[in-house]
Amino acid sequence: MTMQYWLVKSEPEAYAWSDLLGDRKTDWTGVRNYQARIHLNAMRKGDRVLFYESVTTKAVVGVAEVTKTAFPDKTADEPGWVAVELKPIAPLSRPVTLTQIKAEPALAGIPLLRQSRLSVMPLEPAAFKRIVALGG
DNA sequence: GCCAACGTTGGC
DNA sequence: GCCAACGTTGGC
């Protein structure tokens, strides 16, 4: 399968991009939403993942990579929830803010804008590349 | 199966 | 701090 593109959200107070840089890799645990879980299960090794910091930062701040496909989330009380492993590839030179994303006609349809509460979402290759370009 | 109540997320 | 959006829960 060709490479797929994703975006994950995190409140930086809970887990920031800087934490991922410090950890070198992390288990992306804590997802408790069925739609987000479908996306986690669809991730493949090598897929690219934009890291969006919500609430305080409100910007895409880095690019990560899927290093392990879905496995049981040890932090879950009930079976069925899954995590993946992510590692950082590179920060964006300039964070791409939510304001910038909203201002881009080519990005008008992305789930980040349409489904504000979804924490794991797919991105079309063009949308992913556009955001990375804005951050370069 | 419907829907009101409630809890959480996340932008402003 | 407020509130809109929206997912979940539980009574009927």
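Basically the working numbering = 1-based index in the first sequence + 5. A virtual CB, placed ideally from N, CA and C, is assigned to each residue, including glycine. Computed from a predicted structure; not experimentally measured.
According to DSSP, is T80 helix, strand or coil?
Within the first sequence, residue 80 is the residue found at index 75, counting from 1. Residue state, collapsed to three classes: coil.
Please name the residue in G67, E16, V60, T80 whose C-alpha comes closest to that of L139.
Along the first sequence, read from residue 1 onward, the residue named residue 139 stands at position 134. The candidate whose alpha carbon is nearest that of L139 is G67.
Assuming Y39 is part of the alpha helix (DSSP H), what are its boundary residues?
Position 34 of the first sequence holds residue 39. From DSSP, the alpha helix (DSSP H) with Y39 extends over 39-47.
Check the DSSP bridge columns for T102 and list the partner residues they point to.
Taking the first sequence and counting its residues from 1, one reaches residue 102 at position 97. Beta-bridge partners of T102 (DSSP): A64.
Give the DSSP bridge partners of L12, in chain order.
Against the first sequence, residue 12 aligns to sequence position 7. Paired residues: L55, M126.
Please classify R53 as buried or exposed, where buried requires at least 16 neighbouring CB atoms within 10 angstroms.
The residue you call residue 53 lines up with position 48 of the first sequence. Buried, since its Cβ has 16 or more Cβ neighbours within 10 Å.
Spell out the partners DSSP gives L91 in its beta bridges.
In the first sequence, residue 91 corresponds to position 86, counting from 1. Bridge partners of L91: T31, V71.
Are the CB atoms of T62 and P17 nearer to each other than 8 angstroms?
Within the first sequence, residue 62 is the residue found at index 57, counting from 1. Within the first sequence, residue 17 is the residue found at index 12, counting from 1. Yes, they are a contact pair.
For P116, which residues does DSSP report across the bridge?
As a first step, residue 116 is located in the first sequence; it is residue number 111 there, counting from the start. Bridge partners of P116: none, in fact.
Contact check, K73 vs E90 under 8 angstroms by CB: the rounded distance?
Here the question's residue 73 lines up with position 68 in the first sequence. Here the question's residue 90 lines up with position 85 in the first sequence. Between E90 and K73 the Cβ distance is about 4 angstroms, and since that is below 8 angstroms, they are a contact.
Near N46, which residues of its chain fall below 7 angstroms by C-beta distance, leaving aside the five closest residues on each side in sequence?
Translated into positions along the first sequence, residue 46 becomes position 41. The answer, listed in chain order, is A75, V87.
Hey, would you say P100 sits closer than 8 angstroms to A132, going by beta carbons?
Here residue 100 refers to the residue found at position 95 of the first sequence. Here residue 132 refers to the residue found at position 127 of the first sequence. It is not a contact, given that the beta carbons lie outside the stated cut-off.
Go through its chain and collect everything with a Cβ distance to K107's Cβ below 7 angstroms, but skip five positions before and after it.
Here residue 107 refers to the residue found at position 102 of the first sequence. Closer than 7 angstroms at Cβ, skipping near neighbours: L118.
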